[in-house]
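Position one of the sequence shown corresponds to residue 1 (my numbering), numbered consecutively onward. Just so you know, even glycine gets a beta-carbon here, dropped at the ideal spot from N, CA and C. Just so you know, these numbers come straight off a predicted model, no measurement behind them.
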Amino acid sequence: MRRIKSYILIIAISLFMFEAEACDKDGCCSTVVVDIQKIINESLAAKTIREQLEKKNSEYQSQINKKEEELNKKSQELSKQQATLTKEAFDTKVRDFNNQVAEVQRETQVKKNALDQAYVTALGEMQKVLDEVIGKFAEEKHFCIALPTAQTLFYKKDLDITDVVLKALNDRLKKVEVKIPAINATKQ
């Protein structure tokens with residue numbers, strides 16, 4: 001969640017950087033607002049990003065659940081063996097079991113980090129196109145500043161260009177291919 005908020009802040013800052021060449025005669029530039037959260041929630045590209053990540057997360061979760069079931073069985077076997085094994089043999093098996101648990105936890109974290117990284121990268125690709133869409137719209141409509149609605153205390157509703165930007169983004173970018181980083185299967 002913290003990364004999403006950071007990413008929204010980055011988007012907001014990048015929106016401040018747009019300047020149109022044409023201002024009115026008095027040197028005043030018009031300002032517009034864009035609801036970035038709505039674009040992230042409703043754009044076709046963002047929806048495909050979420051779908052791909054949810055599918056991969058489900059796949060990862062299934063793999064992890066199988067490993068957790070195996071660990072539960074090993075834990076039960078270990079409990080049964082405690083009475084029959086020597087203390088040294090039992091301690092060795094407990095150490096091995098704890099190492100296996102730690103490995104599954106590491107693998108879980110690596111997979112979570114890979115999904116987070118893939119999300120940020122895919123959203124970054126969408127952001128590039130969004131910046132271009134807003135920049136083109138700035139040239140056409142002669143506005144100098146685009147502010148995110150989340151960072152704006154008050155604005156007139158006619159300054160909100162979110163729906164126009166969303167439509168243009170959907171026309172231009174229907175899908176973003178999520179690239180999940182390779183996960184090294186060897187122990188770390």
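Use the C-beta contact count for Ser43: other C-beta atoms within 10 angstroms, 16 or more gives buried, fewer gives exposed. Here residue 43 is taken as the residue at index 43 of the sequence shown, counted from 1. Around the Cβ of Ser43, a 10 Å sphere holds 16 or more other Cβ atoms; the residue is buried.
In or out: Ala45 buried (at least 16 other Cβ within 10 Å) or exposed? Looking up residue 45 in the sequence shown gives position 45. The residue in question, Ala45, is buried, as its Cβ has 16 or more Cβ neighbours within 10 Å.
Cβ contact (3+ pairs, closer than 8 Å) linking the region 173 to 182 and the region 108 to 118: Taking a cut-off of 8 Å for Cβ pairs, the region 173 to 182 and the region 108 to 118 touch, as three or more such pairs fall below it.
Please name the residue or residues paired with Asp160 in a DSSP beta bridge. The count along the sequence shown starts at 1 and reaches residue 160 at position 160. Under DSSP, Asp160 shares a beta bridge with Val33.
From Pro148, Ser75, Asn57 and Glu59, residue whose alpha carbon lies closest to that of Ile40: As a position in the sequence shown, residue 40 is number 40, starting the count at 1. When each option's Cα is compared against that of Ile40, the closest is Pro148.
Which residue comes first and which comes last in the alpha helix (DSSP H) that contains Ile145? Stepping through the sequence shown from its first residue, residue 145 is reached at position 145. From DSSP, Ile145 is part of no alpha helix (DSSP H) but of the beta strand (DSSP E) over Phe143 to Pro148.
Could you check the C-alpha separation between Gln105 and Asp163 for me, to the nearest Å? Taking the sequence shown and counting its residues from 1, one reaches residue 105 at position 105. Taking the sequence shown and counting its residues from 1, one reaches residue 163 at position 163. Cα to Cα, the separation comes out at about 43 Å.
Determine, using beta-carbon pairs with one atom in the region 47 to 59 and one in the region 92 to 103, whether at least three such pairs fall under 8 Å. no
Outcome for Tyr60 when other beta-carbon atoms lying within 10 angstroms are tallied against a minimum of 16: Here the question's residue 60 lines up with position 60 in the sequence shown. With 16 or more other Cβ atoms within 10 Å, it is buried.
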